[in-house]
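First comes the structure, then the notes that go with it.
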Amino acid sequence: MLKKANAANIQNWLDKINTYNSTPDFGTTRVLFTECEIEAREYVKSEMKKLGLIVREDSIGNIFGTLVGSQPNLPLVWTGSHIDTVLNAGMFDGMAGVVGGMEALRLIKESGIKFNRSIEVVVYTSEEPTRFGLCCLGSRAMAGHLTLEDTKKLKDENEKTLESVLTDLGYDLDKFKDIQVKKGQVFGAIELHIEQNNKLEKKGLPVGIVKTICAPTNYSVEVIGCQSHAGGTSMEDRRDAYTASCEIALILEKLALKCNSEYNTATVGRVEVIPNAVNVIPGKVKFSIDIRDCEFETKTELIEELIKEIKKVEEKRGVEVNLIKENNDVPMKCDQTIVDILRESCEEKKIPYDMMISGAYHDSMFVGEFTPVAMIFVPSKNGISHSPDEWTDYEDIALGVDVLAKSLLELSNKEKL
Ligand SMILES: [Zn+2]
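Under our numbering, the final residue of the sequence shown carries the number 415; numbering is consecutive throughout.
Structure representation (structure tokens):
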């Protein structure tokens, strides 16, 4: 019989991981391969070993803790998440899934119940794009979308390449190809994560089962107008790059609001105004566009519409707009059989749940390219995440872990999906 997850265990691990933090006075900051992130990796590896897991690491620093099953040659069952953060984040995003996975494996091990497939907790390298500007480095490489060549091009703010950072840390880049996971190697994966929205809290539910993970499309936009004197240039003569940018941002918002997909968002989150002075009409503005949708088709339609509207802004305001597409990812549908296993686990354990869409992306988006995936959400207080105010009750994580442990066990003993 599986015991109930221990909230105090979960809290201890989370509190300890949270001490590896480069901004202890304002939230949690743990950026890929900085001192505190490396220390947190060592801590997680040592705790995995204490649980009796076999620990290995690949050439981009993805960490695997294996609980060996009775038929270790069968394709593996995975769970896990990430331990890196954005700047001044909270202590749950990612970490809840790593610690939750460790607790689930402890429960399975201590239950004495026979399980066939080996089960692994995976810590994916750099889910957040904080250091190299690209998200999901570890799982992206697993899916074959990040090559050794790419690591030579990715640079941090000090112009250091990912390749050189990995080399300095002693990762064997001759084995970079081995990171890629072939189809059939992993039987299925379940990621536990905080919701990062307020839907569960509003309904008073402890668990959400994700049916689709929205995928982002990102653009860098450069608007070129004419830099000129704020007083000397009359209103009809100016080619203001900033007001043109504002108009584009408002068009984007309008398109997102009228889009009839089940869930979508559009955000201008970073803006750089040049020269950024009180008495100068901005000659150039650079900004980011982040569009997410649970359907690739509706997202594509929105983008086509946006490009048409931008052309009109160019003509009307006499500016030039350059759109650079950074990525255009495809939303991930969770596997119906694993979703059903999660629902049955909730029902058996009498844990109330709801089906939901994940607006944020997760490593599961890339893992889903080579194996069936599903996700368990636990509530975020006030829906806040990527903030020092991020909070999830340890008891809620424990309920999520109860569902996770039961479902991992089911997967481990299942013949096929
Ligand atoms: Zn996360």
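Glycine is no exception: its CB is placed at the ideal position from the N, C-alpha and C atoms.
Distance cut-off 7 Å: G92 Cβ against heavy atoms of ligand 1: Yes, the beta carbon of G92 sits closer than 7 Å to at least one heavy atom of ligand 1.
Given 8 Å, three or more beta-carbon pairs between the region 379 to 399 and the region 160 to 174: Between the region 379 to 399 and the region 160 to 174 there are fewer than three C-beta pairs closer than 8 Å, too few to call the two in contact.
Minimum length 3: unbroken beta strand (DSSP E) runs contained in the region 245 to 283: Runs of the beta strand (DSSP E) inside the region 245 to 283: 262 to 265 and 269 to 272.
The alpha helix (DSSP H) enclosing A403, as first and last residue numbers: Per DSSP, A403 belongs to the alpha helix (DSSP H) from Y392 to N411.
Segment contact flag, the region 213 to 228 with the region 98 to 107, C-beta cutoff 8 Å, min 3 pairs: Using a C-beta cut-off of 8 Å, the region 213 to 228 makes no contact with the region 98 to 107, since fewer than three inter-stretch Cβ pairs fall below that distance.
M416: first and last residue of the uninterrupted beta strand (DSSP E) it sits in: Residue coverage of the chain in this structure runs from -1 to 415, which leaves residue 416 outside it and unanswerable.
Contacting residues, own chain, Cβ-Cβ under 7 Å from M93 (five flanking each side not counted): In its chain, beyond the 5 residues on either side, L12, I15 and I81 have a beta carbon closer than 7 Å to the beta carbon of M93.
Of the residues E312, N326 and D327, the one placed nearest M320, counting alpha carbons only: Checking the sequence, you will find Asn at residue 320 rather than Met. That would be E312, whose Cα lies nearest to the Cα of N320.
Reference T210, options D23, Q334, V376 and S68, closest by Cα: By alpha-carbon distance to T210, the top candidate from D23, Q334, V376 and S68 is Q334.
Coarse secondary structure for Y351, derived from DSSP in three states: Three-state DSSP puts Y351 in a strand.
Separation of L85 from Y18, as counted between CA atoms: Y18 and L85: Cα-Cα distance of roughly 13 Å.
Residue span of the beta strand (DSSP E) that contains K150, given as start and end: Where K150 is concerned, there is no enclosing beta strand (DSSP E), although the alpha helix (DSSP H) it sits in stretches over L146 to K151.
Distance CB(G88)-CB(S383) smaller than 8 Å: In this structure, S383 lies closer than 8 Å to G88 by Cβ.
Proximity below 8 Å, CB of V376 to CB of V205: A contact, by the Cβ cut-off of 8 Å.
Every unbroken alpha helix (DSSP H) inside the region 191 to 225 [4 residues or more]: Listed in chain order, the complete alpha helix (DSSP H) runs (minimum 4 residues) inside the region 191 to 225 are 197 to 201.
Residues near L152 by beta carbon distance below 7 Å, same chain, minus five either side: The answer, listed in chain order, is F130, L132, T159 and L160.
Beta-carbon contacts of V269 that lie in its chain and below 6 Å, excluding the five residues immediately before and after: Correct list, in chain order: F285.
Span of the alpha helix (DSSP H) around F294: Here the alpha helix (DSSP H) through F294 covers F294 to R315.
Same chain, Cβ closer than 7 Å to K323, five either side skipped, listed in chain order: So the qualifying residues of the chain are Y217.
Burial state of I355, where buried means 16 or more other Cβ atoms lie within 10 Å: By the neighbour-count criterion, in which 16 or more other beta carbons inside 10 Å mark a residue as buried, I355 falls on the buried side.
Rounded C-alpha distance that separates E189 from D154: Approximately 28 Å between the Cα atoms of the pair.
Cβ pair P214, R290 closer than 8 Å: Taking 8 Å as the Cβ cut-off, P214 and R290 qualify as a contacting pair.
S362: CB within 7 Å of a non-hydrogen atom of ligand 3: The model depicted lacks ligand 3 and carries ligand 1 instead.
With 16 other Cβ atoms within 10 Å as the buried cut-off, status of Q183: If you draw a 10 Å sphere on the C-beta of Q183, you find fewer than 16 other C-beta atoms in it, and that means exposed.
Neighbour-count burial assignment, K314, 16 or more Cβ in a 10 Å radius: K314 should be labelled exposed.
Classification of E33 by the beta-carbon crowding that lies within 10 angstroms, buried from 16 upward: Around the Cβ of E33, a 10 Å sphere holds fewer than 16 other Cβ atoms; the residue is exposed.
For I246 and E307, the rounded distance between their alpha carbons: Taking the straight line joining both Cα atoms gives about 8 Å.
Alpha carbon of V283 to alpha carbon of E303, nearest angstrom: One C-alpha to the other measures close to 22 Å.
Unbroken alpha helix (DSSP H) run spanning S343, endpoints: Q334 to E346 is the span of the alpha helix (DSSP H), which, as asked, contains S343.
Beta-ladder partner(s) of I177, from DSSP: Under DSSP, no beta-bridge partner is assigned to I177.
Cβ-Cβ distance between A102 and L406 below 8 Å: In contact: A102 and L406 (Cβ atoms closer than 8 Å).
Contact test: S356 Cβ vs ligand 1 heavy atom, cutoff 7 Å: No, ligand 1 has no heavy atom inside 7 Å of this Cβ.
Nearest neighbour of G202, chosen from T64, V53, D352 and D238 [CA to CA]: Comparing Cα positions, the closest option is D352.
Collapsed DSSP secondary structure at M233 in the structure displayed: Helix, per DSSP.
Rounded straight-line distance, which links the Cα of G230 to that of C134: Between the alpha carbons of C134 and G230 lies a gap of roughly 48 Å.
Own chain, CB closer than 6 Å to D361, minus 5 neighbours either side, in chain order: Residues of the same chain with a CB within less than 6 Å of the CB of D361, apart from the 5 flanking positions on each side, are Y122, E125, C134 and S137 in chain order.
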